[in-house]
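Colleague: One rule links them: number in this note's numbering = place in the sequence shown (from 1) + 1.
Below is one structure. I have some questions about it.
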Amino acid sequence: MPAPVRPFNPMSPPKKEGVRGTGKTLSELMGLDKKKEGGSAKPGLYANIAAKRERIEKGSGEKMRQPGQKGAPTAKAFKESAKTAKK
Numbered sequence: 002m003p004a005p006v007r008p009f010n011p012m013s014p015p016k017k018e019g020v021r022g023t024g025k026t027l028s029e030l031m032g033l034d035k036k037k038e039g040g041s042a043k044p045g046l047y048a049n050i051a052a053k054r055e056r057i058e059k060g061s062g063e064k065m066r067q068p069g070q071k072g073a074p075t076a077k078a079f080k081e082s083a084k085t086a087k088k
């Protein structure tokens, strides 16, 4: 007898089975989780700030968030990113 099917619950956490039962996520299978030479898989805080400054210079209409605003980087975020920053 097959296992009973439970109704979908949008509040339950996603299963960690991976892509088609491989136990790996899609990004792991594609090699996106591996660190690139000399850097991390994703751009860091300083790279994001530099990219936003470039967009603002080009006239995107965006504004930098002020310290303390919702979504602005915290002092803790700057301390953490300084540990991994390129020297």
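For glycine and all other residues, C-beta sits at the position ideal for the given N, C-alpha and C.
Nearest by alpha-carbon distance to residue 65: which of 81, 11 and 53 is it?
Modeller: 53
Colleague: Nearest to residue 74 by CA position, among 85, 49 and 62, is which residue?
Modeller: Nearest in C-alpha terms to residue 74, of all of 85, 49 and 62, is 49.
Colleague: Within this structure, are the beta carbons of residue 47 and residue 82 separated by less than 8 Å?
Modeller: yes
Colleague: What does the alpha-carbon distance come out to for the pair residue 62 and residue 70?
Modeller: 18 Å
Colleague: By DSSP, does residue 56 sit in helix, in strand, or in coil?
Modeller: helix
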